[in-house]
Amino acid sequence: MSESPAFFIRDLPIHGSLILAPLSGYNDQPFRRLCLEFGAALVYTGLLSASAILYGSRRSDEMLRFHPDEHPLACQLFGSDEAILEKAARTVEALDIDVLDFNMGCAQPKIVKGGYGAALLKDPAQIGRIVTRLVNTVHVPVTGKIRLGWDAESRNYLEVAHILEDSGAAMIAVHGRTADQKYTGRADWDAIAEVKQAVDIPVLASGDVKRAADITRIQAHTGCDGVMIGRAAIGNPWLFQRRDLPDVPWAERAPVILEHLRRMVDFHGEAQGHRRFRKHLRRYLTNTDINRHQRRAFLQCEDFGTFVTLLENLAGI
Ligand SMILES: Cc1cc2nc3c(=O)[nH]c(=O)nc-3n(C[C@H](O)[C@H](O)[C@H](O)COP(=O)(O)O)c2cc1C
Numbered sequence: 027m028s029e030s031p032a033f034f035i036r037d038l039p040i041h042g043s044l045i046l047a048p049l050s051g052y053n054d055q056p057f058r059r060l061c062l063e064f065g066a067a068l069v070y071t072g073l074l075s076a077s078a079i080l081y082g083s084r085r086s087d088e089m090l091r092f093h094p095d096e097h098p099l100a101c102q103l104f105g106s107d108e109a110i111l112e113k114a115a116r117t118v119e120a121l122d123i124d125v126l127d128f129n130m131g132c133a134q135p136k137i138v139k140g141g142y143g144a145a146l147l148k149d150p151a152q153i154g155r156i157v158t159r160l161v162n163t164v165h166v167p168v169t170g171k172i173r174l175g176w177d178a179e180s181r182n183y184l185e186v187a188h189i190l191e192d193s194g195a196a197m198i199a200v201h202g203r204t205a206d207q208k209y210t211g212r213a214d215w216d217a218i219a220e221v222k223q224a225v226d227i228p229v230l231a232s233g234d235v236k237r238a239a240d241i242t243r244i245q246a247h248t249g250c251d252g253v254m255i256g257r258a259a260i261g262n263p264w265l266f267q268r269r270d271l272p273d274v275p276w277a278e279r280a281p282v283i284l285e286h287l288r289r290m291v292d293f294h295g296e297a298q299g300h301r302r303f304r305k306h307l308r309r310y311l312t313n314t315d316i317n318r319h320q321r322r323a324f325l326q327c328e329d330f331g332t333f334v335t336l337l338e339n340l341a342g343i
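Structure, rendered in C-alpha cells:
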C-alpha cells in the first residue's frame, strides 16, 4: 500500500478514516469483508462474550471464524472479570486479529444487568484494571469503545478517556450518547470533540453518520482520526466510498447484492444465509422502483437460484 496511513493504532497503520462500527447481528465475516473491499480502513466484530469464548459456545465459535483477507480486524470482547477476559484475549489473539477492543458501550439490558458493557462506565477504576490487564496480556493494540456515561447526570467520558489512555489503550471510539439514551436523541458531537482534545491517542467518532455529507461534517466538528459508520453501512457499503444509496443505480447494486448473498450462503449455509441476509436486503432495496409484490418475493426467497431469477427479472429497473 503506497499511500501514507491516515493514522496509527499504536504501530498498526490505518489507511483511511472510515471504519465499520461494531454491529452485533450484522457484522459477520461476509459483511466485514465486503466493507473492507468497499474501502473500510478497519472493521470490527460485534461484541463477543469473554466467558462464552472460554466455554466454546457455538455462536462465538462461528463469530470467531475469520477470513485470511479480513484485515485490519478489531475483535471486540465484553466482560467484567479480569481473569476471564485475560484468557479470552489470549484465545482471540491467536486467531490473527489486529486489534483487541473492549466494549464499554453496550446498553442492552441483558448485558448491563450482568455488569458488562456500558454498566462499567459506573466503575471507571474497574475499567482501568481490566484494560491494564488486557494490555499486559496481548501483543496487539488494545482499544476501547465507550459511550458518554451512564446517564445525563453521570457523563464521565473525559474521566474514562483519561483512564483508558493511562492504562495503555491505543485508541478510543466514542459513541456520542449515554447508555440511558440507547439510540434516542442526537449523538453529541461536541462531547466527542472534547475527548479528541483531551487525549493523545487516536479517537474515532461514532453516532448519526447517516449519509456521505455527515462524514465530512463529523470529521470537521470533532477533529477525530476516524469515523465509525454503523447503521448506515447496512445495505450501503458504498458509503465507504462516500456515496449515498440513492446515487447507486440498480445496475451497480444488483451484482453486489448477489455477491453478498452468495457469501452469506457459503458462510452460514443456505437456510441461515437467506434468513440472515434479509435484514441487509431490506436496506439494499430502498430507493428503488421495486413494487410491493417484488419486494415480498425477494424477502421470502429461500434458495439462491430463485433469487438470481428474481434479480434478472429486475434488470431493467
Ligand atoms: C444493531 C446494532 C448492533 C450494535 N452492536 C454493537 C456492538 O456489538 N458493539 C459496540 O460497541 N457497539 C455496537 N453498536 C453501536 C454502534 O457501533 C454505533 O456506535 C452506534 O450504532 C451509533 O452509530 P451509528 O449512528 O453510525 O449507527 C450497535 C448498534 C446497532 C444499531
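Just so we're aligned: the sequence shown equals residues 27 to 343 in my numbering. The beta carbon of each residue, even a glycine, is placed where N, CA and C say it ideally should be. Being a predicted model, the structure only gives us computed values, none of them experimental.
- A residue is called buried when at least 16 other Cβ atoms come within 10 angstroms of its Cβ; A178 does not meet this threshold and is exposed.
- In the three-state scheme derived from DSSP, where H, G and I count as helix and E and B as strand, I260 is classed as coil.
- DSSP places A199 in the uninterrupted beta strand (DSSP E) bounded by I198 to H201.
- Where D87 is concerned, the enclosing alpha helix (DSSP H) starts and stops at R84 to M89.
- Bounds of the beta strand (DSSP E) holding C101 are L99 to F104.
- The three-state secondary structure of A231, taken from DSSP, is strand.
- Rounded to the nearest whole angstrom, the C-alpha separation of A238 and V274 is 13 Å.
- A distance of 7 Å or more separates the beta carbons of R309 and P167.
- For I260 and D240, the gap between their C-alpha atoms comes out near 16 Å.
- Judged by their CB atoms, I189 and G202 are not nearer to each other than the 7 Å cut-off.
- Here T248 is buried. Its C-beta has 16 or more other C-beta atoms within 10 Å.
- In the displayed model, F128 falls within a strand according to three-state DSSP.
- Less than 7 Å divides the Cβ of D127 from the Cβ of K171.
- Taking D54 as reference, the option from A341, N162 and R289 with the minimal CA-CA separation is R289.
- Restricting attention to N317, P272, R322 and Q267, the CA atom closest to the CA of C61 is found in Q267.
- DSSP places T335 in the helix class (H, G or I) of the three-state scheme.
- Of A151, V164 and V253, the smallest CA-CA separation from I40 is found for V253.
- Only residues of its own chain outside the window of five on either side were considered, and among them N313 have a CB closer than 6 Å to the CB of P272, listed in chain order.
- At least one heavy atom of ligand 1 is found less than 6 Å from the C-beta of V235.
- Contact holds between the region 59–73 and the region 90–101, because three or more Cβ pairs, one in each stretch, are under 8 Å apart.
- Counting only residues of its own chain and dropping the five nearest sequence neighbours on each side, A323 has a CB closer than 7 Å to the CB of L336.
- Bounds of the alpha helix (DSSP H) holding Y310 are E296 to Y310.
- Per DSSP, T242 is not a residue of any beta strand (DSSP E); the alpha helix (DSSP H) it occupies stretches across A238 to T248.
- The three-state secondary structure of Y142, taken from DSSP, is coil.
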